[in-house]
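*Asks:*
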Amino acid sequence: MNPNQRVRSPLLQSARARWTVRIIGIAAVLSTAFTVWLGLWVTPPDQVQGDLVRLVYIHPGVAWVALYLAFGLAAAASLLYLWPRTRSLFWDRLAAAAVEVGVVFNVCTLISGSIWGKPAWGVWWAWDARLTSTAVLLVLFLGYMALRRVPAEPEVRARRSAFLALFAAVDIPIVHFSVLWWKTLHQGATVLNPDLSPTIHGSMAWTLLLSFVALTLVFVWMLVVRYRIGVLEDWLGSGELDAALRERQAEGVAPDPAGDGSEAAAGAPVPEGVR
Amino acid sequence: MWRDTLLVAGKDLRIEARSRVALSQVAPFGIVALVLFAFALGPDRALMATGAPGLFWVAVLFCTVQAVQRSVSVESADGARDGLRLSGLDPAGLFLGKTVAVAAQLVVLEALLAVGVVLLYGARIDVPWLIVVSCALGTVGLAATGTLYGALSAGLRVRETLLPFLLLPIVAPVLLAGTRIWQAAMAGGTPADGTQWLRLLVIFDAVYVALGIVVYGPIQETA
Amino acid sequence: MRYVIAGYTIILSLLFLYSVQLVWRRQRLADGCFAPIWVIERK
Numbered sequence: 001m002n003p004n005q006r007v008r009s010p011l012l013q014s015a016r017a018r019w020t021v022r023i024i025g026i027a028a029v030l031s032t033a034f035t036v037w038l039g040l041w042v043t044p045p046d047q048v049q050g051d052l053v054r055l056v057y058i059h060p061g062v063a064w065v066a067l068y069l070a071f072g073l074a075a076a077a078s079l080l081y082l083w084p085r086t087r088s089l090f091w092d093r094l095a096a097a098a099v100e101v102g103v104v105f106n107v108c109t110l111i112s113g114s115i116w117g118k119p120a121w122g123v124w125w126a127w128d129a130r131l132t133s134t135a136v137l138l139v140l141f142l143g144y145m146a147l148r149r150v151p152a153e154p155e156v157r158a159r160r161s162a163f164l165a166l167f168a169a170v171d172i173p174i175v176h177f178s179v180l181w182w183k184t185l186h187q188g189a190t191v192l193n194p195d196l197s198p199t200i201h202g203s204m205a206w207t208l209l210l211s212f213v214a215l216t217l218v219f220v221w222m223l224v225v226r227y228r229i230g231v232l233e234d235w236l237g238s239g240e241l242d243a244a245l246r247e248r249q250a251e252g253v254a255p256d257p258a259g260d261g262s263e264a265a266a267g268a269p270v271p272e273g274v275r
Numbered sequence: 276m277w278r279d280t281l282l283v284a285g286k287d288l289r290i291e292a293r294s295r296v297a298l299s300q301v302a303p304f305g306i307v308a309l310v311l312f313a314f315a316l317g318p319d320r321a322l323m324a325t326g327a328p329g330l331f332w333v334a335v336l337f338c339t340v341q342a343v344q345r346s347v348s349v350e351s352a353d354g355a356r357d358g359l360r361l362s363g364l365d366p367a368g369l370f371l372g373k374t375v376a377v378a379a380q381l382v383v384l385e386a387l388l389a390v391g392v393v394l395l396y397g398a399r400i401d402v403p404w405l406i407v408v409s410c411a412l413g414t415v416g417l418a419a420t421g422t423l424y425g426a427l428s429a430g431l432r433v434r435e436t437l438l439p440f441l442l443l444p445i446v447a448p449v450l451l452a453g454t455r456i457w458q459a460a461m462a463g464g465t466p467a468d469g470t471q472w473l474r475l476l477v478i479f480d481a482v483y484v485a486l487g488i489v490v491y492g493p494i495q496e497t498a
Numbered sequence: 499m500r501y502v503i504a505g506y507t508i509i510l511s512l513l514f515l516y517s518v519q520l521v522w523r524r525q526r527l528a529d530g531c532f533a534p535i536w537v538i539e540r541k
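Chains as they are written, first to last, in our numbering: chain A, 1 to 275; chain B, 276 to 498; chain C, 499 to 541.
1. Could you tell me whether the Cβ atoms of T20 of chain A and S211 of chain A are closer together than 7 angstroms?
2. G397 of chain B by DSSP, collapsed to three states: which one?
3. Classify D46 of chain A as helix, strand or coil using the three-state DSSP reduction.
4. If the criterion is Cβ atoms closer than 7 angstroms, does the pair L381 of chain B and T420 of chain B meet it?
5. Which term fits E155 of chain A, buried or exposed, when burial requires 16 or more other beta carbons within 10 angstroms of its beta carbon?
6. Name the DSSP beta bridge partners of M204 of chain A, please?
7. Opposite M461 of chain B in the DSSP bridges: which residues?
8. Going by DSSP in three states, L131 of chain A sits in which element: helix, strand or coil?
9. Considering only the beta carbon of each residue, do P448 of chain B and V175 of chain A sit closer than 7 angstroms?
10. So is V104 of chain A in contact with chain C if we call contact Cβ pairs under 7 angstroms?
11. Find the residues of chain A that neighbour V502 of chain C, judging by a C-beta separation of less than 8 angstroms, and give them in chain order.
12. Roughly how many whole angstroms lie between the Cα atoms of L89 of chain A and L73 of chain A?
13. Residues of chain A with CB under 8 angstroms from P448 of chain B, in chain order?
14. Are the C-beta of L140 of chain A and some C-beta of chain B separated by less than 7 angstroms?
15. Could you say which of B:A378, B:A389, B:G285, B:A284 lies nearest to A512 of chain B if we only look at CA atoms?
16. Report the residues of the segment 465-491 of chain B with a CB closer than 8 angstroms to any CB of chain A, ordered along the chain.
17. Where does A152 of chain A sit, in a helix, a strand or coil, going by DSSP?
18. Any contact between the segment 101-109 of chain A and the segment 122-129 of chain A? By contact I mean 3 or more CB pairs, one from each, below 8 angstroms.
19. Is the separation between the beta-carbon of L167 of chain A and that of V99 of chain A shorter than 7 angstroms?
20. Can you tell me whether P60 of chain A is buried or exposed, with buried defined as 16 or more other CB within 10 angstroms of its CB?
21. Considering Cα atoms alone, identify which of B:V393, B:L437, B:I306 is closest to G143 of chain A.
22. Can you pull the chain A residues whose beta carbon is under 7 angstroms from the beta carbon of I290 of chain B, in chain order?
23. Residues of chain A with CB under 7 angstroms from S517 of chain C, in chain order?
24. Excluding the five sequence neighbours on either side, which residues of its own chain have a C-beta within less than 7 angstroms of the C-beta of L431 of chain B, listed in chain order?
25. Is M323 of chain B helix, strand or coil by DSSP?
26. Among residues of its own chain, excluding the 5 on either side of W221 of chain A, which ones have a beta-carbon nearer than 8 angstroms to its beta-carbon?
27. Grab me the residues of I306 of chain B's own chain with a C-beta within less than 8 angstroms of its C-beta, minus the 5 sequence neighbours each way, in chain order.
28. Measuring alpha carbon to alpha carbon, tell me which residue in B:R278, B:V433, B:F479, B:P466 is nearest W404 of chain B.
29. Starting from T436 of chain B and walking both ways along the alpha helix (DSSP H), at which residues does that stretch end?
30. Is it buried or exposed, P198 of chain A, if we count other Cβ atoms within 10 angstroms and call 16 or more buried?
31. Does the beta carbon of L281 of chain B sit closer than 7 angstroms to a beta carbon anywhere in chain A?
32. With 7 angstroms as the C-beta to C-beta threshold (strictly closer), list the residues of the segment 427-454 of chain B near chain A in chain order.
33. If you run the structure through DSSP and keep just helix, strand and coil, what is L185 of chain A?
34. Excluding five sequence neighbours on each side, which residues of the same chain lie with their C-beta closer than 7 angstroms to the C-beta of T454 of chain B?
35. Mind checking if V136 of chain A is an interface residue toward chain B, Cβ cutoff 7 angstroms exclusive?
36. Determine the DSSP secondary structure at A98 of chain A, reduced to helix, strand or coil.
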């Protein structure tokens, strides 16, 4: 690649930022692996549920990330975007990243819950409060992603998506409470429930906590990478790269005599350090 | 704001009166939906009577989507939306006006569907006032959220497929509450349960109408 | 116990596959392919 074609990307990531992400990723993998090891081998089976209880090191963790962390972050970021004082496309892109990762975790929640439900309750699915709200949340997330796919200026798209997130955020408590008035099959809050804590064996409690930490780390890593992808997509797609290239070429660098400088530009040289 | 509400509601309803789209297209669609449900559930009358509340509300939801699509599309021609924005109409009034218009159409459709449900499914209504109130409150909720989402998706070419997908999950509480209230109001139900759900509908309506009043203006600027 | 193994495997695989997809997308963009992945264009 012609070094004269290299462009200084305004999106340059400092070496420190890249290393932080890498470390978070490694920490995520390690903590997850540790959790799995503890969950499958070290911790004891439950008195009532037997080995099935080992799913508690996966299911509540992904549920917490999807429902509260991801969705909460998306809603907060959307509000921050809509608020004039803090308006910045950073919040919009953060919300979008949180939603996409949230969808993945939401699907994991539903699947892990279903797999737990089949042997525990006898059914793959039940229409109780928790499950239904989670399913509705998934559909709302998917709607958000669908709306974002509609081509538009970044600001317009950001506004539209932010409003949608706002409507969804308002709706989720209502859905949850309305479905709560149905009979509930899903057990109540585990960690915050005082009745349950005496029956959680020490190592189980610690592993549960670790699972939350591990999955949160996974979420953070995914969020950062997905955010980066969003920035790259917007920047490369908006023609700023072409503009920067043209500027660079106009700086008086001798054009390629064979006249295929434009070809090289279309081939999109990599801005330094963009990854 | 109220003057603008009446202005806009009147405009939309006049358009409807002249074109009669809701009456000639949406209503038959609702009836067709009821008939199809009957085919789906089979000849067991008891089953249909039990399922009547839910089926009624699902049919209402389908009609809502149609009515909202229509409400949005009357303004997509000839830059009418820009015209509305420039006209100096209070956006809250615009929102309320469109909501009122959609709600009015829905009320008529619901009456029609309710008659259909009673006739076709053999549903027996014990407590009529619950039915009426639930329909009224549910309609307000559906119309308000529909208008909001219509505005959000107004300029999009994919609106026809996107709007239902966005709208229906949001109005799930209305479906839930409406069905429960109807079940309470039917022969063999307990009316006391119904009043609990009425509270939910009131909250839903209050939240989304308030939200619409505040947010409709800013949304218009993105369409 | 079958269910537990199945659950762990599926969830971890999903997370892993999604991570791989993220890294692949980032790589693709860094190589200069402008389009988001759902737009079918010349790669």
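Idealized CB from N, CA, C, for every residue including glycine.
None of these values were measured; they are calculated from a predicted model.
*Replies:* Quick look at the numbers:
1. no
2. Here G397 of chain B sits in coil by DSSP.
3. strand
4. no
5. E155 of chain A comes out exposed.
6. According to DSSP, which records beta bridges pairwise, M204 of chain A is partnered with nothing at all.
7. Looking at the DSSP output, M461 of chain B sits in a beta bridge with B:I400.
8. helix
9. Yes, Cβ-Cβ distance for P448 of chain B and V175 of chain A is below 7 angstroms.
10. yes
11. L40, D51, L52, R54, L55
12. 15 angstroms
13. D171, I174, V175, S178
14. yes
15. Lying outside 276 to 498, the shown extent of chain B, residue 512 of chain B is not represented and no answer is given.
16. The residues in question are Q471, W472, L475, I478, F479, V482, Y483, L486, V490.
17. coil
18. no
19. The displayed chain sequence assigns Phe, not Leu, to residue 167 of chain A. No; because the gap between Cβ atoms is not below 7 angstroms, this pair is not in contact.
20. buried
21. Selected option, being the one with the closest Cα: B:L437.
22. By Cβ distance, chain A contributes nothing, its closest Cβ being about 26 angstroms from I290 of chain B, past 7 angstroms.
23. M222
24. The answer, listed in chain order, is L437.
25. helix
26. Scanning its chain for C-beta atoms nearer than 8 angstroms, with the 5 sequence neighbours on each side dropped, one finds around W221 of chain A the residues V21, I24, G25, A28, in chain order.
27. Excluding positions up to five away in sequence, the list reads L387, L388, G391.
28. B:P466
29. If you look at T436 of chain B, you'll find it in the alpha helix (DSSP H) that goes 434-445.
30. Note that P198 of chain A has pLDDT 44, beneath the 50 cutoff, so the model's placement of it is unreliable and the number below is only indicative. Burial call: exposed.
31. no
32. L427, L431, V433, L437, F440, L441, P444, I445, A447, P448, L451, A452
33. Unreliable placement is indicated for L185 of chain A, whose pLDDT of 44 sits below 50; no coordinate value is reported for it.
34. P328, G329, W332
35. yes
36. helix
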